[in-house]
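K.L.:
After the structure tokens below, expect a handful of questions from me.
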Amino acid sequence: MNFKENEIVTQAVLVGIVTDRDDANETERSIKELERLLDTAGGETFAVVIQNKSTPDPRTLIGSGKVAEISDLCKENDIKLVIFDEELTPAQIRNLEDEIGNDVLVIDRSMLILDIFALHAVSGEGKLQVELAQLKYTAPRLTGKGNDMSRLGGGIGTRGPGESKLESDRRHLQRRVGALEAEIKILEKNRKNMRASRDKSGLCKVAVVGYTNAGKSTLLNTLTGAGILAQDKLFATLDPTTRKYTLPQGEQILLTDTVGFIRKLPHHLVSAFKSTLEEAAYADIILIVIDASDPESSEQLECTEKTLEELGASDKPVIYAYNKCDRGVYDSLAVGNPAQRENTVYISALTGQGCDRLAQVIEKVIHENKRTVKFYFPNSEQGMMSLLYGNATVKDVEYTDDGVFTVASVDNRIWGKLKKYDIDYVENNEAD
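Its first residue numbered 12, the sequence shown is counted upward by one per residue in this note's numbering.
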């Protein structure tokens, strides 16, 4: 389903639920975000329905009374789409569609996000990842509606005798999932090779991450002239883009734009886009872009940091860039601990304000995380010199009959691999 291309649905009813465990304000914020997601997908919010219920109803999430209310609302206004802010089970979708009736389509937040991903995927890998995520999510939800989905067929080579169309569709989806996974494995291998090439370049890798629509693509365009599509929409950028950027003192780095994070980002999406999201895990520095003009910036930062933790990228040096300061900085903006404040910059990626300061902070963090080390490589292990040349700044080399003395500026990752050749480290440990 694609709202913008097919224009099947222009209006929808959005549904949320507040249980005893939920914060009503958080639910309201999530619903507002759902409205923006629908707008990004090309739809329009007709009405919002919030159910206050101590515990979710296992059949319909919101209970039969509220379902009947939504059914009347849809029937009277010819609404054909209902979107739930919570993830629905296959059985709940079937029950809701049956009880609402009138051929109303019921989807949840995850399905809507997948639709937006389908709109914005540009690269071959991005399109494959989207299709795989869609199939994995929708296959269990193939319940069938009416007689059309339960006709019996007997086509040679496609369906077994008496096999229903629904079963045939499921079998076809399983084959397609297998084919997509095989294609994506090949692309993941290519991406690993690209990362290996970047590692050999010795350039520091900075991943630009943050909540969706925080201004990551605009920042990359301003700094590098990358020419990435930048819109005031959620998930405007899906495919990662890497560009070189020269810092004030002449050092070059690699900046990579990444897909935005969001509340309730489904785990199957994280899994499907693993190779794309891993750009953050493989980076040397994380640059978190936050919308300073958004009243929910603190919650969005919390969501971003939680996602980074799930990706195994929470141990990296972090720079915080509070963006869109040309729109004003939200009064209750909390920067956090002192260490975080030290590496915080206020910028406007749109106007370029503060970007010079950002470049200086990046430079400072890079140098803080490097050390000058004197290595000794015996002749038998001079092959390790290639690792040093590919990932560090070599300042001096002295050849002897037995080996090579080298002075180099290295980061913690490379030092960890070569510490047994660090002269001072070896001497100190021998003394112990």
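Each residue gets a CB set at the ideal place from its N, CA and C atoms; glycine is no exception.
I need the boundaries of the beta strand (DSSP E) containing K406, first residue and last residue.
P.N.:
T404 to Y410 is the extent of the beta strand (DSSP E) around K406.
K.L.:
Quick one: which unbroken alpha helix (DSSP H) runs of 4-plus residues sit fully inside the segment 374 to 429? Chain order, please.
P.N.:
Runs of the alpha helix (DSSP H) inside the segment 374 to 429: 395 to 402 and 423 to 429.
K.L.:
Starting from the C-beta of K156, find all residues in its chain whose C-beta is less than 6 Å away, skip the five residues before and the five after it, and write them out in chain order.
P.N.:
Any reading at K156 needs caution, since the residue's pLDDT is 46, under 50, leaving its predicted position unreliable; the model's value is listed next. Excluding residues within five positions, none has a Cβ falling inside 6 Å.
K.L.:
Pick out the complete alpha helix (DSSP H) segments inside the segment 270 to 340, 4 residues or longer, and give them in chain order.
P.N.:
Runs of the alpha helix (DSSP H) inside the segment 270 to 340: 278 to 283, 285 to 292 and 308 to 321.
K.L.:
Using only alpha-carbon positions, find the residue among G363, I299, E307 and G261 that is nearest to L319.
P.N.:
Closest option to L319, Cα to Cα, is I299.
K.L.:
Assuming L92 contacts A23 (C-beta within less than 8 Å), just tell me the rounded distance between them.
P.N.:
Confirmed, about 4 Å.
K.L.:
Are there 16 or more other CB atoms within 10 angstroms of the CB of M205, so buried, or fewer, so exposed?
P.N.:
With fewer than 16 Cβ atoms within 10 Å of its Cβ, M205 is classed as exposed.
K.L.:
Just to confirm, is the Cβ distance from T229 to A102 under 7 Å?
P.N.:
Not closer than 7 Å, so no.
K.L.:
Determine the burial state of T362: buried for a count of at least 16 other Cβ atoms within 10 Å of its Cβ, exposed for fewer.
P.N.:
Exposed.
K.L.:
What does DSSP give as the partner residue(s) for A218 in the beta ladder?
P.N.:
DSSP, once it has assigned bridges, lists T267 and I297 as partnering A218.
K.L.:
Which residue wins for smallest C-alpha separation from L258, given the options R181, E98 and V376?
P.N.:
Of the listed residues, the one whose Cα sits closest to L258 is V376.
K.L.:
Look up E55 in the DSSP assignment and say whether it is helix, strand or coil.
P.N.:
Looking at E55 - three-state DSSP - the assignment turns out to be strand.
K.L.:
Under three-state DSSP, which class holds F95?
P.N.:
Three-state DSSP puts F95 in a strand.
K.L.:
For K196, collect the residues of the same chain with a Cβ closer than 6 Å to its Cβ; drop the 5 residues on either side in sequence, then sort them by chain order.
P.N.:
Excluding residues within five positions, none has a Cβ falling inside 6 Å.
K.L.:
What number of angstroms, rounded off, separates the C-alpha of E37 from the C-alpha of V372?
P.N.:
Cα to Cα, E37 sits roughly 34 Å from V372.
K.L.:
Tell me where the beta strand (DSSP E) around R254 begins and ends.
P.N.:
Segment T252 to T257, the beta strand (DSSP E) holding R254.
K.L.:
On the premise that A144 lies in contact with L125, defined as a C-beta separation below 8 Å, what is that separation, rounded to the nearest angstrom?
P.N.:
Their Cβ separation, rounded to whole angstroms, is 6 Å, which keeps L125 and A144 in contact under 8 Å.
K.L.:
Run through DSSP, which three-state label would G27 get?
P.N.:
Strand, per DSSP.
K.L.:
Grab me the residues of N440's own chain with a C-beta within less than 7 Å of its C-beta, minus the 5 sequence neighbours each way, in chain order.
P.N.:
Counting only Cβ-Cβ distances below 7 Å, and skipping sequence neighbours, we find nothing.
K.L.:
Which first and last residues belong to the beta strand (DSSP E) in which T355 is found?
P.N.:
T355 to Y357 is the extent of the beta strand (DSSP E) around T355.
K.L.:
Enumerate in chain order the residues of its own chain whose CB-to-CB distance from I167 is below 8 Å, with the five nearest sequence positions on each side excluded.
P.N.:
In this prediction, I167 has a pLDDT of 27, which is less than 50 and means its spatial position is unreliable; nothing more can be read from the coordinates.
K.L.:
Which residues share a DSSP beta bridge with N63?
P.N.:
Answer is V29, bridged to N63.
K.L.:
Starting from V78, follow the alpha helix (DSSP H) in both directions and report where the run begins and ends.
P.N.:
Taken as a continuous stretch (DSSP letters only), the alpha helix (DSSP H) holding V78 covers S75 to N88.
K.L.:
What residue range is occupied by the uninterrupted beta strand (DSSP E) comprising D119?
P.N.:
L116 to D119 is the span of the beta strand (DSSP E), which, as asked, contains D119.
K.L.:
I'd like the span of the alpha helix (DSSP H) that includes D109, first residue to last.
P.N.:
D109 -> alpha helix (DSSP H) spans P101 to I111.
K.L.:
Tell me whether Q140 sits in a helix, a strand or coil according to DSSP, three-state version.
P.N.:
If DSSP states are grouped into helix, strand and coil, Q140 belongs with the helices.
K.L.:
Do three or more CB pairs link the segment 112 to 123 to the segment 133 to 141 at distances below 8 Å?
P.N.:
No, they do not touch.
K.L.:
On the DSSP letters alone, give me the boundaries of the alpha helix (DSSP H) that T229 sits inside.
P.N.:
Looking at the DSSP string, the run of the alpha helix (DSSP H) that includes T229 is K227 to T235.
K.L.:
Thinking C-beta only, is F246 closer than 7 Å to T223?
P.N.:
Against a cut-off of 7 Å, the Cβ pair of F246 and T223 comes out as a contact.
K.L.:
Exposed or buried, what is K431 when buried is set at 16 or more other beta-carbons lying within 10 Å of its beta-carbon?
P.N.:
When all chains shown are included, K431 counts as exposed.
K.L.:
List the residues that DSSP assigns as beta-bridge partners of Q22.
P.N.:
Its beta-bridge partners are E55.
K.L.:
Just the Cα atoms here: how many angstroms apart are K64 and G221?
P.N.:
Spanning the two alpha carbons is a distance of roughly 33 Å.
K.L.:
On the criterion of 16 or more Cβ atoms from any shown chain inside 10 Å, does E55 qualify as buried, or is it exposed?
P.N.:
Classification of E55: exposed, given that the 10 Å Cβ count is below 16.
K.L.:
Kindly indicate which three-state DSSP category D433 falls into: helix, strand or coil?
P.N.:
D433: strand per DSSP, three-state reduction.
K.L.:
DSSP on E438, reduced to helix/strand/coil?
P.N.:
Helix.
K.L.:
Would the beta-carbon of D422 fall within 7 Å of that of N354?
P.N.:
No; because the gap between Cβ atoms is not below 7 Å, this pair is not in contact.
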